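In full-length UniProt numbering, the protein residues as written are 1 to 418.
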């Protein structure tokens, strides 16, 4: 398989910045920060407004040398943080969000090499003055946000197991005092580690880890860690790691990669490899959770097959990338009605890319190195601009304080979006 096949593209935005203190999912950082994978609520959505309505005035604020890797950029407390291979190491690197000047860097593991692309996969997580990072071969580290000093590092496979075929891509999730990641271990697939010292606190679920990242969703007024592994999606009690519900969803090559999101009070999951998507209803009745399908669309005629990109939901409509075939080259940009799964419109053969929702627009980064601006509307595809600004990338744009942060295999780039 070459770099563009199978799950190679899955590692596109796996930088998770942890969800902060308590179980409320609120990070102790500024409102305009992007401190974790897929942003403040881990669903690719920014609350920023008054951003550009065309790309005419979008300019490069700075660009600095980087390295090979698939981590996205996390932004908080005036720092932009990502990971890449350099020499014999996987580096965790902090830069000034304003200038790109390097503040610190620290090695968190040996350089990671894989036939599906080299470098770390997961995105660092910023929470409580710390940065939590996962390497491609399964080392989980905690580093001081201010100084870059390593506080602790733990091998997630210390009790057995091995890295996924295409590398460990689970962006850490911080809930309360625990850091949660996916792993292939005998004791469990979803593991909670103590954020203070890296000790294992609990392990849950079983089977292949896959390539998605855990998230915290509130469904029916109840918060659950929702983990989309290589074989199923699980609802887990954040306090003790108990599995409260599960739904089987095995995809070839364990290529479940997109994140689960809250859609109209349900849990939406989607996968490529011609698998498809489903919207699940979760009912909590006195502590007992039950799962039912609201609708499903699977196999070769599915309406949404997210290869690695997480869809976004706006006013009852889902917008996302629908990949045709088994890791095939054809990808549509589609809008579907969230309540029914009905296709509303599709921009056929749009191409592979990733997206972030902000200010009523889709900020799309393509594997051709383009930034594409699309108006969010169920009325049809309305492109507002297209500009080549970087090299090939699979990451989504991290939006913070009127700026967009993106990286490829050679540079980290900051764009002015206002």
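Backbone N, C-alpha and C fix where the C-beta goes; we use that ideal spot for every residue, glycine too.
For clarity, every value in this text was computed on a predicted model and none was experimentally measured.
Exercise. Should residue 33 and residue 68 be called a contact, given that it needs their Cβ atoms to be closer than 8 Å?
Worked result: Contact flag unset, no.
For this session: Report buried or exposed for residue 101, applying the criterion of at least 16 other Cβ atoms within 10 angstroms of its Cβ.
Result: exposed
For this session: Going by DSSP, name the residue or residues bridged to residue 277.
Result: 270, 297
For this session: Find the nearest neighbour of residue 360 within the set 160, 347, 375, judged by alpha-carbon distance.
Result: 375
Exercise. When the distance is taken between beta carbons, is residue 214 closer than 8 Å to residue 233?
Worked result: no
Problem set entry | Where residue 248 falls: helix, strand or coil (DSSP) | Strand.
For this session: Name, in chain order, the residues that DSSP records as bridge partners for residue 338.
Result: When DSSP reads this structure, residue 338 sits in no beta bridge, so it has no partner.
Problem set entry | Whole-angstrom distance between residue 369 and residue 388, CA atom to CA atom | 6 Å
Exercise. Is residue 253 helix, strand or coil when you go by DSSP?
Worked result: helix
Exercise. What are the boundary residues of the beta strand (DSSP E) that includes residue 190?
Worked result: 188-194
Exercise. In or out: residue 352 buried (at least 16 other Cβ within 10 Å) or exposed?
Worked result: buried
Problem set entry | residue 419 in three-state terms, based on DSSP | The chain is shown from 1 up to 418; residue 419 falls before or after that span and cannot be answered.
Exercise. With which residues is residue 262 paired in a DSSP beta bridge?
Worked result: 267
For this session: Note the first and the last residue of the continuous beta strand (DSSP E) segment covering residue 407.
Result: 403-407
Problem set entry | Nearest residue (CA-CA) to residue 410, options 71, 418, 126 | 71
Problem set entry | Residue of 79, 49, 400 minimising C-alpha distance to residue 144 | 79
For this session: To the nearest angstrom, report how far apart residue 250 and residue 265 are at their CA atoms.
Result: 23 Å
Exercise. Which residues mark the beginning and the end of the beta strand (DSSP E) in which residue 59 is found?
Worked result: 59-65
Exercise. Just reading off the beta strand (DSSP E) that residue 385 is part of, what are its end residues?
Worked result: 383-388
Exercise. Where does residue 398 sit, in a helix, a strand or coil, going by DSSP?
Worked result: Strand at residue 398.
Exercise. What's the C-alpha gap between residue 314 and residue 339?
Worked result: One C-alpha to the other measures close to 12 Å.
Exercise. Excluding five sequence neighbours on each side, which residues of the same chain lie with their C-beta closer than 6 Å to the C-beta of residue 347?
Worked result: 333, 381
For this session: Taking residue 216 and residue 267 to be in contact with their CB atoms under 8 Å, please state how far apart those CB atoms are, rounded to whole angstroms.
Result: Wrong, their Cβ atoms sit about 12 Å apart, outside the cutoff.
Problem set entry | Own chain, CB closer than 8 Å to residue 186, minus 5 neighbours either side, in chain order | 159, 160, 161
Exercise. Any idea what DSSP makes of residue 361, helix, strand or coil?
Worked result: Reduced to three states, the DSSP call for residue 361 is strand.
Exercise. Touching or not, the segment 165-176 and the segment 54-69, by the rule of three or more beta carbon pairs under 8 Å?
Worked result: no
Exercise. Should residue 316 be counted as a contact of the ligand ZN given a C-beta to heavy atom distance under 7 Å?
Worked result: Among the components of this structure there are no ligands whatsoever, and the ligand ZN is therefore not found.
Exercise. With burial defined as no fewer than 16 other Cβ atoms inside 10 Å of the residue's Cβ, what is the status of residue 285: buried or exposed?
Worked result: exposed
Problem set entry | Beta-carbon separation (whole angstroms), residue 365 vs residue 413, contact threshold 8 Å | Not really, about 10 Å apart at Cβ, beyond 8 Å.
Problem set entry | Whether residue 126 touches residue 35 by CB criterion (8 Å) | yes
Exercise. Quick one: is residue 47 buried, meaning 16 or more other Cβ sit within 10 Å of its Cβ, or exposed?
Worked result: It is exposed - the Cβ of residue 47 has fewer than 16 other Cβ atoms within 10 Å.
For this session: Starting from the Cα of residue 273, find the closest Cα among 280, 132, 262, 298 and give me that residue.
Result: 298
Problem set entry | Residue closest to residue 311, alpha-carbon to alpha-carbon, out of 259, 89, 301 | 259
Exercise. Roughly how many angstroms lie between the CA atoms of residue 278 and residue 147, to the nearest whole one?
Worked result: 44 Å
Exercise. Under the three-state reduction of DSSP, which class applies to residue 42: helix, strand or coil?
Worked result: coil
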